[in-house]
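A short worksheet on the structure shown next.
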Amino acid sequence: MVIPVDTGIFYLVLRYNMRHMEKRYTHSDHETRIYGLWEQSGAFAPRASKAAKPYCIIMPPANANDPLHVGHAMFVTIEDVLIRWRRMQGYSALWLPGADHAGIETQFVFEKTLKRRGQSRFDFDRDKLYQMIWDYVQENKGVVVEQMKKLGASADWSRFRFTLDEDIVKLVLDTFRQLHKDGLVYRDLKLVNYCTHCGTAFSDLEVKHIKKKAPLYYMKYGPFTVATVRPETKFGDTAVAVNPRDSRYKKWVGKTIEVTGLLGTFKMNVVADSSVDPEFGTGVLKVTPAHDHNDFEIWKRHQDIVPGPKQVIGFDGKLNELTGKYAGLSVKKAREVVADDLKEAGLLERVDPDYAHTIGVCYRCSTAIEPLPLPQFFLKVEPLTRKVLQALREKKVKVYGAGHEKVLVHWLATLKDWNIGRQIVWGIRMPIWYNVKGHEVRIAVSFIDKGGKQEMGTIDQLVNKRGYQINEIKERLQQIRVPIYEKEENTVPYVISVDEPKEDGVWFPETDTFDTWFSSAQWPYVTLMTNKKGDFKRFYPTDVMETGYDILPFWVMRMLMMGLYKTGKVPFKKVYLHGLIRDERGRKMSKSLGNIINPLDVTAKYGADALRMALVIRSTPGQDKNVGEGDIRAMRNLTNKIWNAARYVISQISHDQFLISKPETKKQDKDFLSTLYSVADAVTQQLENFRIGFAAEHLYNEFWHWFCDECIEKSKKGEISQWALVEGLVVFLKLLHPFVPFVTEAAYLQLGDVLSKEDKKKFWDSELLMSARWPRKRSPTSRSKPRKASPRKKTVALFHKLGVKSGQSSS
RNA sequence: GGCCGUUUAGCUCAGUUGGCUAGAGCGUCCGGUUUACAUCCGGGAGGUCGGAGGUUCGAGUCCUCCAGCGGCCACCA
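With positions in the first sequence counted from 1, the corresponding number in the numbering used here is that position plus 321.
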């Protein structure tokens, strides 16, 4: 057979093969060179042949700023197993890699480095800060790619995409425009989950709920007593609510009461709302629409009686000027001070010191989340989730992963509208311009003046009182806050546009950026649309989306929503969710425990193959897995075993004039080959069913305990012929290759060096194992692995035949 | 409060649609270096598959209930 190979590769392969094989497999002698051979062979790119069926996996884009951790190693291994397997089966296999700008994560990390220099993000205008983070990311980008290569990832690096690539951004913005046109985007004032430490709003999904004990204060409230854990928000109260069926308070409903508090006496209306639980506390609720989600909803339901949000906590997490002498206190401090003052004023009836409840905290920094009123752009979610639910019902997408399909359905069924703006700089700026003309008194901005100092205020104050030019404000803008008013004539008009509108007016850009997930939700189609011509047509919908179950709602769900919206098709047909990797005792890996497995350290010590196999063997989708150094060492031993099995077979070839023409006569050979190929079929089947961990274990056992322990030993006694043994070795190298690509390739190359031209015709179908043909049953007549029927089984079968209930009789 | 997962050898876990005489790694005990591999080979001990019912010729596998562990969701102030 003539193999058309690039002569350079051929030369390298020749040079690579040294006749001598070391007694032990030393990964460091092979991995880098083998990866080089693969890359130069061009086999990472999908087969060009039109006849080859497409197979595509989009790689979850790693955070551009994130060094490799064990989670990466897991996804690299599983996806690489699938891609290598399908590639060997002859598919035109594309594994498309990329990186994510990871807005909040990256900006947060960058701000830490700023802090070390004694600076903060408030020292810079928008453009300057963006540029600084861009440069910072450029320094680190690419590191993770090099690290993934060390793990053996056979991705097509030539198709690598970054979420902030110009053409990707363009498509993401197009989608936004389209959503807006279709009425799926709206601007509204709602309470958002605001982290005062990170300085941005989050979506509901990014709020972590933790159980906590806190004092529950019972305070006098006009004719009532109300229970609250947040006395500091009382300055923002606008009404009092009771349950409509609560007979105790019926007479008060609709009345106006007088409440004397720390800042004087106020009038308030009493409303009846069924969300109030008569059993809780005193059954009376103070309504604080600006600082509590439930209260906000009560206001929405009773707008005629209940005044709207009165914000008393600022975005800095401190009480504002409406709180009189308490202004400037942090929420936490204010709570204590207010409680003390209430007590002193005789307004505190009693305190339940250990009230257990849950509070929302920032998933990033664990700061308590403040619900704050903020005008935001929202994505109307229901029309999108409906389509996903339908696709799931119609089985257009299937989820592999321990019950997570149900979790996904639950998410989709209960999802709330998505606030897609974030108050950070690092991301794709929302393409929105406000015409501030005539609204200068209503719009607050911050910017950096010529002296490099931050200035803030309404546009009116800055221009008319402090004498700044409107253009210099715009040029060095940090943030803009455009309020929403009930009255039409007070509402600030905006247009969707990337560039400043040409129309008359004074146009200020929105300073919010999109939630990172808004762009990554579009990842499958934007990466294919902006890549080589025809990729989208050929590879979309993709075959498998593989990722950790922890980002199912953040990413997978949203990709389905956006993919169906934009293309009318699901972005992927299968979802494989891997579990988290924990330490050998089942604990989460953390720096403080010192139990982190650093993939690069492990790779250096035991080899990439050992790490890959340790991660994947016996893993189950959706299920966490414990991995310790012992597991990795055991798999390093496997690589050595593979190497030595090959070494033995190869040594026999060179010693005993290996004869290809030897006919297939021995019965033992036939049995051996029959079993060999049923192992191959079983592994293939397991991979097709995404039983990857099981396939790996099965292979491990068959290779080690059957092929090595039994068959090689038999061959020493002449019970299995040499050529059959060589065939066995080649088949196992191929089957093992997706899991442990380096050592199998190294062994395959060694074998190729020893085989004669004639021999190669039989055993050799490619210069490189990674491009070789996946083993299949040689003839349809060969049976599956014969199993001895046990006496018990025979008996049972007989009973069955006779229609007799066996019961205990067989024992 | 709702949902999901899990419970199999000393430890960590596998175990397709029921067919098991229940496996692997690590650990442990005994024995082995005449050349594939001591990162190894041979052999052993160790499990009433969380508990109780049920379906079936047959249940680790399916159904019901109970219990422990873990996770996700939820506006009880």
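We put the CB at the ideal spot given by N, CA and C, even for glycine.
Keep in mind the model is a prediction, meaning the values are calculated, not measured.
Provide the residue(s) that pair with T779 in DSSP beta bridges, ordered along the chain.
A765
In the DSSP assignment, the alpha helix (DSSP H) including S362 goes from what residue to what residue?
E352 to S362
M453 - DSSP class collapsed to helix/strand/coil
helix
Along the chain, where does the alpha helix (DSSP H) containing M882 start, and where does it finish?
M878 to T888
Specify the secondary structure class of I801 as computed by DSSP and reduced to three states.
strand
Whose C-beta lies closer than 6 Å to the C-beta of K1035 among residues of the same chain, with five residues either side of it excluded?
I1041
Residues near A712 by beta carbon distance below 8 Å, same chain, minus five either side:
V718, L881, L885 and V891
Cβ pair G585, V633 closer than 7 Å
no
With H, G and I counted as helix, E and B as strand and the rest as coil, what does DSSP make of Y846?
helix
At what residues does the alpha helix (DSSP H) containing S840 begin and finish?
T837 to S841
For Q989, which residues from the same chain have a beta carbon less than 6 Å from its beta carbon, with the 5 sequence-adjacent residues on both sides left out?
E1040 and I1041
Pick out whichever of K529, P544 and V550 has its Cα sitting closest to the Cα of L537.
V550
DSSP state of H341, grouped into three classes?
coil
Could you compute how far the alpha carbon of F1063 sits from the alpha carbon of K344?
17 Å
Run through the region 582-656 for me and flag every whole beta strand (DSSP E) of 3 or more residues, listed as ranges in chain order.
585-593 and 605-608
For the beta strand (DSSP E) that contains Y412, what are its first and last residues?
It is not in any beta strand (DSSP E) - Y412 carries neither H nor E in the DSSP assignment.
Thinking just about the alpha-carbon of each residue, which of S972, N965 and H899 is nearest to the one in L936?
H899
How is C1133 classed by DSSP in three states: helix, strand or coil?
It is not possible to answer for residue 1133, since the shown part of the chain is limited to 322 through 1132.
Would you report the Cα separation of V730 and V1000, rounded to the nearest angstrom?
37 Å
Best match in E715, D486, W1085 and D613 for proximity to N852 [C-alpha to C-alpha]:
D486
Please classify S1077 as buried or exposed, where buried requires at least 16 neighbouring CB atoms within 10 angstroms.
exposed
Quick one, which of I404, A414 and G759 has its alpha-carbon nearest S370's?
A414
Between the region 1025-1035 and the region 902-921, can you find at least three pairs of beta-carbon atoms closer than 8 Å?
no
I'd like to know whether the C-beta atoms of T863 and I379 end up nearer to each other than 7 Å.
yes
Roughly how many angstroms lie between the CA atoms of I741 and M956, to the nearest whole one?
45 Å
Rounded separation between H1058 and A423 - CA only
33 Å
Expressed to the nearest angstrom, what Euclidean distance is found between the alpha-carbon atoms of I917 and N386?
19 Å
What residue range does the beta strand (DSSP E) around Q697 cover?
E691 to L700
Can you name, in chain order, every residue of its own chain whose Cβ lies under 8 Å from the Cβ of S1092, other than the five neighbours on each side?
S362, A364, R408 and M409
What is the C-beta distance between E831 and M751, in whole angstroms, given that I count them as a contact (C-beta under 8 Å)?
5 Å
Residues in its own chain within less than 7 Å of M850 by CB, not counting five upstream and five downstream?
L492 and F857
Let me check one thing: in DSSP terms, what residues is F483 bridge-paired to?
A420
Inter-residue Cα distance where the pair is I753 and L435
29 Å
Three-state class that DSSP yields for H1058 in the structure shown:
coil
On the DSSP letters alone, give me the boundaries of the beta strand (DSSP E) that R671 sits inside.
L669 to C683
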